[in-house]
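In the working numbering, the protein residues as written are 911 to 1034.
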């Protein structure tokens, strides 16, 4: 077996390990649920309520913008609509960063446990 075949076999085994890890992590809804269990639980609840309120306001301002007849107030409703869209983007970004932080912390803990196990084996 030459070096290329060894590398190929090692990459295939790593791909299987990565696939197993991805199956264990679950989907998007599982990751969102984990954010409600951490130390930032209250903030996550507040931010999700804010996201809901901003979403409703986006729908309302868009509706008001669409129904206008005169030419003076569309600017107000249009600016409100755009500002709320930007706010919603920032809120969603924060939520996804929180999910990413939880995922990274879980991986760091896995690495710590692996290092502890390896050091215990080395000491024996």
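Idealized CB from N, CA, C, for every residue including glycine.
Just so it is clear, the structure is predicted and the values come from calculations on it, not from any experiment.
| Asked | Found |
| --- | --- |
| List, from N- to C-terminal side, the alpha helix (DSSP H) runs of 4 residues or more that fit wholly inside the stretch 920 to 955. | 938 to 945 |
| How is the alpha helix (DSSP H) around residue 1028 delimited, first residue to last? | 984 to 1033 |
| Quick one: is residue 954 buried, meaning 16 or more other Cβ sit within 10 Å of its Cβ, or exposed? | buried |
| Return the CA-CA distance between residue 1026 and residue 1019, expressed in angstroms with no decimal places. | 10 Å |
| Can the beta-carbon of residue 1015 be found closer than 8 Å to that of residue 941? | no |
| Just to confirm, is the Cβ distance from residue 1005 to residue 928 under 8 Å? | no |
| Give me, in chain order, the residues of the same chain whose beta-carbon lies closer than 6 Å to that of residue 967; leave out the 5 immediate sequence neighbours on both sides. | 994 |
| Excluding the five sequence neighbours on either side, which residues of its own chain have a C-beta within less than 8 Å of the C-beta of residue 964, listed in chain order? | 994, 997, 998, 1001 |
| How big is the Cα-Cα spacing for residue 937 and residue 949? | 21 Å |
| By alpha-carbon positions, which one of 1032, 1011, 1030 ends up nearest to residue 946? | 1011 |
| Smallest Cα separation from residue 970: which of 1029, 990, 918? | 990 |
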